[in-house]
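Working notes for the structure below.
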Amino acid sequence: MFRRVFIANRGEVAARVASTCKRLGIGVVAGVSEPDADLQWLRPEAGLVDAVAILGGRQSYLDADAILAAARGHQCSALHPGWGFLSENARFATRCEIERITFIGPTPAAIRAMGDKSVAKDTMRKLGLPTIPGSDGPVADASEASSLAQAMGYPVLLKARSGGGGRGMRRVYQPSELESAFSQASAEALSAFGDGALYLEKLIEGGRHIEFQVLGDAFGNVVCLGERECSVQRRHQKLVEESPSPGVTPERRGAMMAKISAACARAGYRGAGTVEMLMDRDGSLYFMEMNTRLQVEHPVTELCTGVDLVEWQLRVAAGEALPAGWIKDGVPARGHAVECRINAEDPSLGFKPAPGRVSGLALPAAPALPARLRVDTHLHQGDSISPHYDSLIAKLIAWAPDRASALAAMDGALAGLTVTGVPTTASLHRQVLADPRFASGAYDTSLLDGFPGL
Numbered sequence: 004m005f006r007r008v009f010i011a012n013r014g015e016v017a018a019r020v021a022s023t024c025k026r027l028g029i030g031v032v033a034g035v036s037e038p039d040a041d042l043q044w045l046r047p048e049a050g051l052v053d054a055v056a057i058l059g060g061r062q063s064y065l066d067a068d069a070i071l072a073a074a075r076g077h078q079c080s081a082l083h084p085g086w087g088f089l090s091e092n093a094r095f096a097t098r099c100e101i102e103r104i105t106f107i108g109p110t111p112a113a114i115r116a117m118g119d120k121s122v123a124k125d126t127m128r129k130l131g132l133p134t135i136p137g138s139d140g141p142v143a144d145a146s147e148a149s150s151l152a153q154a155m156g157y158p159v160l161l162k163a164r165s166g167g168g169g170r171g172m173r174r175v176y177q178p179s180e181l182e183s184a185f186s187q188a189s190a191e192a193l194s195a196f197g198d199g200a201l202y203l204e205k206l207i208e209g210g211r212h213i214e215f216q217v218l219g220d221a222f223g224n225v226v227c228l229g230e231r232e233c234s235v236q237r238r239h240q241k242l243v244e245e246s247p248s249p250g251v252t253p254e255r256r257g258a259m260m261a262k263i264s265a266a267c268a269r270a271g272y273r274g275a276g277t278v279e280m281l282m283d284r285d286g287s288l289y290f291m292e293m294n295t296r297l298q299v300e301h302p303v304t305e306l307c308t309g310v311d312l313v314e315w316q317l318r319v320a321a322g323e324a325l326p327a328g329w330i331k332d333g334v335p336a337r338g339h340a341v342e343c344r345i346n347a348e349d350p351s352l353g354f355k356p357a358p359g360r361v362s363g364l365a366l367p368a369a370p371a372l373p374a375r376l377r378v379d380t381h382l383h384q385g386d387s388i389s390p391h392y393d394s395l396i397a398k399l400i401a402w403a404p405d406r407a408s409a410l411a412a413m414d415g416a417l418a419g420l421t422v423t424g425v426p427t428t429a430s431l432h433r434q435v436l437a438d439p440r441f442a443s444g445a446y447d448t449s450l451l452d453g454f455p456g457l
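Take the working numbering: the final residue in the sequence shown is number 457, and no numbers are missing along the way.
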């Protein structure tokens, strides 16, 4: 195992990775920007960090030169990129290899192959996963997109080849909308990802966003740890996630897990990854993309399986094989887990980010057993929410033996969360839990359409 790991990320992400490193007895060096340097979780008394490296200004989490220089300077043999920032940057992973610093993630080749969505889609189709009908690769221009859309039939979806989070994505319902939508999506993708290329696919309305967690080692073994439902979204940003999905039958789950494990094994995938799929109204699942990193919502899988995914990222990167029992029989899961992302945003102002000082912070009490509550946060009372970064304050994750009990535990946790100094989205999450469609499990990505402020 590694002696010292450099964490090239910030906030809740970095604190989450650091907590597992400390439990395993691994030294932690946190790379932070100047705006983040005063956060209390970085102080020695917090017990998560052995050293702090100031990388530079607010954009320094993307400064590969500064990050690698700091990792070398602190004699770190491995680097964990977290999720976001440089976690899916194949060039950065290659530079880590050149510097003989273990990149805790997939190989640069795997990141490169899955980073281009059209290539990833073609790869997975060849490996046996069903894909949404669409263009074979990026379309040359709006004229080509129009021809394909006419042949395929409206509605269609324009999607950026690179990146994610809904940027560079436009729904098109009729021919007159396509040229404008293409121009807007391409410009947005170019600005966000430096790549304005788009591809086209059939729009599946009333779909559900389902993602499967995979874990592979360097010996050709891949296991699938079940799925997560991520259909509660605002502007393509996930807000509430749960596992298992209430919309996936046991038979379909087992069949898709086997297909995904086999496809990723044939691709030689190593490390943690997420296969994102769209489920139509008939229950059929279609591959959309693969994220070559952990997801923000990974804790719901951890609570259902008992597997610390960050730990196994570290173990696999250090050359360990996955447990033989997992490879032979799969990873057993039990109960139900749900996660709510709490952001410093004002619901009364269209969920506008609200940076500022957290003058008061009281986390909810644990629910009655057997239900369990996990709170992932880096914030302490007195810390400030920076205007430069994501406004995430905390993630609340509740587990119980069944879905109804898990949702009840989560509602109690939301009611018990107290944050003063900045507004939060906790009220929206309680609205979601109370919605009859969500409570019944019969919901899709349109759930939040019409919610106040949205």
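Each residue gets a CB set at the ideal place from its N, CA and C atoms; glycine is no exception. All of these numbers come straight from a predicted model, not from anything done at the bench.
According to DSSP, simplified to helix, strand and coil, what is residue i?
i, result
"Arg360", "strand"
"Arg337", "coil"
"Thr23", "helix"
"Glu230", "strand"
"Phe106", "strand"
"Met259", "helix"
"Tyr64", "helix"
"Val70", "First, the residue type needs correcting, since residue 70 is Ile and not Val in the sequence shown. DSSP places Ile70 in helix when its eight states are reduced to three."
"Leu395", "strand"
"Ile207", "coil"
"Gly424", "coil"
Quick check on residue i - is its C-beta less than 8 Å from some C-beta in chain C?
i, result
"Met172", "The structure shown has no chain C; it contains just one protein chain."
Rounded C-beta distance between residue i and residue j? I'm assuming under 8 Å.
i, j, result
"Phe290", "Leu132", "4 Å"
"Leu459", "Leu366", "One cannot answer for residue 459 here, as it falls past the ends of the chain, which runs 4 to 457."
"Gly415", "Pro370", "6 Å"
"Leu161", "Ala148", "7 Å"
"Leu288", "His212", "The Cβ separation is near 11 Å, so there is no contact."
"Gly359", "Ser394", "The pair is not a contact, with the Cβ atoms about 10 Å apart (cut-off 8 Å)."
"Ile345", "Ile396", "5 Å"
"Ser121", "Arg174", "18 Å between Cβ atoms; not a contact."
"Ala324", "Gly274", "Their Cβ separation, rounded to whole angstroms, is 13 Å, which puts Ala324 and Gly274 out of contact at 8 Å."
"Leu451", "Arg237", "6 Å"
"Ala137", "Tyr202", "Note that residue 137 is Gly in the sequence shown, not Ala. Rounded, the Cβ-Cβ distance is 6 Å, consistent with contact."
Answer yes or no: do residue i and residue j have a C-beta to C-beta separation smaller than 8 Å?
i, j, result
"Asp283", "Ile207", "yes"
"Arg2", "Ala195", "Limits of the chain in this structure are 4 at one end and 457 at the other, which puts residue 2 out of reach."
"His83", "Val20", "yes"
"Gly76", "Ala93", "no"
"Arg13", "Tyr272", "no"
"Val425", "Ala357", "yes"
"His381", "Leu364", "no"
"Arg6", "Ser80", "yes"
"Asp316", "Ile107", "Residue 316 is actually Gln in this sequence, not Asp. Contact flag set, yes."
"Val217", "Gly276", "yes"
"Ala409", "Ala403", "yes"
"Phe9", "Ala74", "yes"
"Ala72", "Pro141", "no"
"Gly60", "Val16", "no"
"Glu348", "Thr428", "yes"
"Gly286", "Arg255", "yes"
Based on the DSSP output, what are the partners of residue i in its beta bridges?
i, result
"Ala401", "Val341, Leu376"
"Tyr202", "Lys162"
"Gly219", "Val225, Gly274"
"Ile135", "Ile135 is not bridged to any residue."
"Glu279", "Glu214, Glu292"
The region 188-200 touching the region 291-310, judged by at least three CB pairs closer than 8 Å:
Under the three-pair Cβ rule at 8 Å, the region 188-200 does not count as touching the region 291-310.
Below 8 Å, can you find three or more Cβ-Cβ pairs linking the region 297-314 to the region 338-354?
Using a C-beta cut-off of 8 Å, the region 297-314 makes contact with the region 338-354, since at least three inter-stretch Cβ pairs fall below that distance.
Count the CB pairs spanning the region 224-235 and the region 245-259 that are closer than 8 Å, and state whether there are at least three.
Because the criterion of three Cβ pairs below 8 Å is met, the region 224-235 and the region 245-259 touch.
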